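When the letters of the sequence shown are read in order and numbered with numbering that gives the first Met the number 0, they come out as residues 0 to 165. First comes the structure, then the notes that go with it.
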Amino acid sequence: MGLYEQWKKTVEGLVTPQQQNLFWADYFEREKENYRRILEQRMEKLEGKLKDLADGFGMDAVMFTGFLDGINTSLKEELDLDSLEEETELSAEIDFEKLYWNMHEARADWLYNLKEWDGILSEERRKELTKEFRLSKMAVSNKVGRNDPCPCGSGKKYKKCCGAGK
């Protein structure tokens with residue numbers, strides 16, 4: 000059984016809410032420390048044997064595979080998680096803007112608010128990305144309101160033009 004399969008089985012095996020809370024509290028703290036280290040040391044690549052990287056980040060290979068699952072969509076080229084083994088040689092390049100965006104997507108404020116981002120993305124760029132993220136999640140309606148300008152271009156309100164009598 001591959002590492003990613005073991006990770007999924009571990010997570011699925013958390014039956015009680017107490018087990019889930021304990022596991023995820025520990026995992027999220029380790030994840031936070033991993034990201035803090037990556038940002039602080041400006042690690043643009045996760046490079047080396049998976050087992051060695053896991054040891055370096057203070058995780059076992061299975062948990063580190065779970066971490067890779069979380070960062071995978073923020074890599075310039077995604078990993079084939081199902082093929083990962085302890086001896087797998089990794090060379091995973093991180094796209095920091097995508098990582099910041101994905102942390103917003105995951106609603107992981109404990110990650111996108113890390114002070115270590117200061118050395119990676121300027122405060123201005125982080126604000127731009129946050130604004131772009133929020134705008135991308137806004138619902139947009141194509142419906143014309145009664146008091147909106149008429150889409151026919153007449154300059155009249157919709158209710159006095161094409162919407163009259165509706």
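By construction, the Cβ of each residue, glycine as well, lies at the ideal position given by its N, Cα and C atoms. Remember, it's a predicted structure, so these values are computed and weren't measured experimentally.
Check each candidate in the options and name the one with the smallest Cα separation from residue i.
i	options	result
Phe63	Leu113, Met0 and Trp6	Trp6
Ile93	Phe132, Asn71 and Glu85	Asn71
Gly144	Lys158, Asp25 and Met137	Lys158
Lys216	Gln17, Trp23, Asp54 and Ser73	Lying before the first or after the last residue shown, residue 216 is absent from the chain, which here runs from 0 to 165.
Asp68	Glu30, Met42 and Gly55	Glu30
Ala107	Glu123, Lys130, Ala163 and Glu28	Glu28
CB-CB under 7 Å to residue i, same chain, minus the five flanking residues each way: which ones, in chain order?
i	result
Leu128	Glu96, Tyr99 and Trp100
Glu104	none
Leu52	Leu45, Phe63 and Leu89
Gln19	Leu13
Suppose the cutoff is 8 Å on Cβ atoms and the five residues either side in sequence are ignored; what does the same chain contact list for residue i look like?
i	result
Leu120	Phe95, Glu96, Tyr99 and Leu128
Asp81	Gly1, Tyr3 and Glu4
Who pairs with residue i in a beta bridge, going by DSSP?
i	result
Pro148	Lys156
Leu74	Ile93
Apart from the five residues just before and just after residue i, which ones in its own chain have a Cβ nearer than 6 Å to its Cβ?
i	result
Tyr34	Leu110
Lys50	Ala60 and Glu85
Could you give the C-beta distance for residue i and residue j, rounded to a whole number, given that I count them as a contact under 8 Å?
i	j	result
Pro148	Lys156	7 Å
Leu78	Ala91	6 Å
The region 25 to 44 / the region 106 to 122 touching (three or more Cβ pairs under 8 Å) | yes
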